[in-house]
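Inspection log for the structure reproduced underneath, given as structure tokens.
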Amino acid sequence: MELNIEAIGKQYKRGTWSLRDFTLTLEPGVVGLLGPNGAGKSTLMNIVATLLKPSEGRVLWNGSDDPNALRRDLGYLPQHFGVYPNLSAIEFLQYMAALKGISAKAAKTRIAELLHLVNLEDAARRPIGGYSGGMRQRVGIAQALLNDPKLLIVDEPTVGLDPAERVRFRNLIADLATDRIIILSTHIVSDVEATAHTIALINKGHLLSYNTPDALLATMQGRVWDLTVTRDDLPYFKEQYLVSHMNQRPEGIQLRIVHDEAPASHAQITHPTLEDAFLGYTA
Ligand SMILES: Nc1ncnc2c1ncn2[C@@H]1O[C@H](COP(=O)(O)OP(=O)(O)OP(=O)(O)O)[C@@H](O)[C@H]1O
Ligand SMILES: [Mg+2]
Numbered sequence: 063m064e065l066n067i068e069a070i071g072k073q074y075k076r077g078t079w080s081l082r083d084f085t086l087t088l089e090p091g092v093v094g095l096l097g098p099n100g101a102g103k104s105t106l107m108n109i110v111a112t113l114l115k116p117s118e119g120r121v122l123w124n125g126s127d128d129p130n131a132l133r134r135d136l137g138y139l140p141q142h143f144g145v146y147p148n149l150s151a152i153e154f155l156q157y158m159a160a161l162k163g164i165s166a167k168a169a170k171t172r173i174a175e176l177l178h179l180v181n182l183e184d185a186a187r188r189p190i191g192g193y194s195g196g197m198r199q200r201v202g203i204a205q206a207l208l209n210d211p212k213l214l215i216v217d218e219p220t221v222g223l224d225p226a227e228r229v230r231f232r233n234l235i236a237d238l239a240t241d242r243i244i245i246l247s248t249h250i251v252s253d254v255e256a257t258a259h260t261i262a263l264i265n266k267g268h269l270l271s272y273n274t275p276d277a278l279l280a281t282m283q284g285r286v287w288d289l290t291v292t293r294d295d296l297p298y299f300k301e302q303y304l305v306s307h308m309n310q311r312p313e314g315i316q317l318r319i320v321h322d323e324a325p326a327s328h329a330q331i332t333h334p335t336l337e338d339a340f341l342g343y344t345a
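For the record, in the sequence shown the residue sitting at position 108 is 170 according to the numbering used here, with numbers rising by one throughout.
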């Protein structure tokens with residue numbers, strides 16, 4: 063099982079590249095596509111999902127560029143997932159199964175399995191309009207899984223979820239990760255920290271880094287500093303350096319700074335986090 067994204071470029075308008083020379087080969091596991099707003103995450107996902115034509119480059123699924131071959135194996139949860147407020151989860155999933163050409167009999171069994179998997183059995187007969195954000199996202203994941211996809215694409219799935227629902231969602235993704243390729247986009251570092259086997263950092267349409275979380279952290283070693291400054295000195299440090307975190311302390315303000323050299327003589331090297339890496343690469 064292999065997805066090859068080969069030198070993809072996209073211009074929505076002539077002269078403006080929303081994605082450029084993007085190349086990535088994926089194998090089973092979870093890849094976290096991490097980038098700030100407007101980085102090109104949804105553009106890339108829509109191209110891989112065959113909903114948007116690239117201006118250049120191509121996508122190969124198991125060596126083939128036939129979009130229908132990929133579509134058969136695809137599950138997709140778009141960033142703006144339309145809900146059907148009057149349908150219950152069961153009705154909505156039956157509807158989606160019919161669109162995907164799954165027989166009513168097969169759909170019945172599969173829908174029961176999925177409602178259990180996403181923990182919506184109790185609410186399954188109530189209209190979706192009355193669901194919480196997290197419950198709707200779980201319906202979205204269930205519809206994406208109807209055909210037991212080998213390639214699952216989920217675009218910012220944790221937006222609007224409360225912390226408990228976010229954790230539940232991450233666990234679900236981790237459970238699904240065996241023997242399929244999952245591409246999960248987010249601008250929330252902790253979403254990928256927990257589940258991703260590899261992280262693709264993207265900004266301004268470019269792939270900045272593709273690595274395991276540990277290898278990504280290793281590239282930041284020796285570049286993250288801890289120091290405490292006075293309130294008066296704070297504006298200087300914020301102006302001059304990339305501050306990844308601030309803490310109020312009785313003795314002053316504790317800063318984390320991403321910089322190649324020590325920002326002050328009393329600064330101490332500290333262990334990098336993925337948040338530092340994200341800022342270091344995208345700022
Ligand atoms: N349909 C479109 N027409 C014109 N420009 C677009 C269109 N869709 C996206 N863009 C532009 O392409 C760039 C990448 O957008 P994209 O939605 O792919 O980013 P993103 O990483 O998904 O951002 P977000 O985190 O906000 O979802 C942005 O500059 C955006 O304004
Ligand atoms: Mg997006």
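Heads up, the beta-carbon is just placed ideally off N, CA and C, and yes, glycines get one too.
Nothing here was measured: the structure is a model prediction, and the numbers come from that model.
### Message
So, for Asp-253: in the same chain, excluding its five sequence neighbours on each side, which residues have a beta-carbon less than 6 Å away from its beta-carbon?
### Response
Only Thr-220 meet the Cβ criterion.
### Message
Could you check whether the Cβ of Ala-206 sits closer than 9 Å to any Cβ belonging to chain B?
### Response
Within the model displayed, chain B is absent; a lone protein chain is all it includes.
### Task
Give a yes or no on contact between the segment 88 to 108 and the segment 248 to 262, applying the rule of three or more CB pairs nearer than 8 Å.
Result yes; three or more Cβ-Cβ pairs closer than 8 Å.
### Query
In three-state terms, what does DSSP make of Arg-188?
Looking at Arg-188 - three-state DSSP - the assignment turns out to be coil, as it is neither helix nor strand.
### Proximity below 9 Å, CB of Ile-70 to CB of Thr-87
The answer is no: Cβ separation not under 9 Å.
### Message
DSSP three-state label for Ser-80, please.
### Response
Looking at Ser-80 - three-state DSSP - the assignment turns out to be strand.
### Message
Suppose only complete runs of 3+ residues qualify. What are the beta strand (DSSP E) ranges in the segment 86 to 165, listed by chain order?
### Response
Listed in chain order, the beta strand (DSSP E) runs fully inside the segment 86 to 165 are 91 to 96, 118 to 123, 136 to 139, counting runs of at least 3 residues.
#### Entry: Contiguous beta strand (DSSP E) assignments of at least 3 residues, all confined to the segment 305 to 334
The qualifying runs are 314 to 320.
### Query
What is the DSSP secondary structure of Gly-202, counted as helix, strand or coil?
Gly-202: helix per DSSP, three-state reduction.
### Message
Quick check on Ala-160: buried or exposed, where buried means 16 or more other Cβ atoms within 10 Å of its Cβ?
### Response
The residue is exposed, with fewer than 16 neighbouring Cβ atoms inside 10 Å.
### Query
So is the beta-carbon of Ser-247 under 8 Å away from any non-hydrogen atom of ligand 2?
Taking non-hydrogen atoms of ligand 2 into account, the C-beta of Ser-247 is found less than 8 Å away from one of them.
### Task
Could you tell me the distance, in whole angstroms, from the CA atom of Asn-309 to the CA atom of Gln-316?
Going by the C-alpha atoms only, they are around 5 Å apart.
### Task
Can you tell me which of the three DSSP states Thr-344 falls into?
Helix, per DSSP.
### Query
Name the DSSP beta bridge partners of Ile-243, please?
Beta-bridge pairing links Ile-243 to Gly-91, Leu-213.
### Query
When you compare only the Cα positions, how much space is there between Leu-113 and Gly-144?
The straight-line gap from Cα to Cα measures roughly 16 Å.
### Query
Do Ala-206 and Ile-152 come within 9 Å of each other at the CB atom, strictly closer than that value?
Their beta carbons are not under 9 Å apart, which means Ile-152 does not touch Ala-206 by this criterion.
### Query
Exposed or buried, Met-282, counting other C-beta atoms within 10 Å across all chains shown (16 or more means buried)?
That one is buried.
### Task
Could you tell me the boundaries of the beta strand (DSSP E) in which Ser-271 lies?
DSSP places Ser-271 inside the beta strand (DSSP E), whose first and last residues are 268 to 273.
### Task
Can you tell me which of the three DSSP states Glu-64 falls into?
If DSSP states are grouped into helix, strand and coil, Glu-64 belongs with coil.
### Task
Indicate, with yes or no, if ligand 1 has a heavy atom lying under 8 Å from the CB of Ile-264.
Result yes, Cβ under 8 Å from ligand 1.
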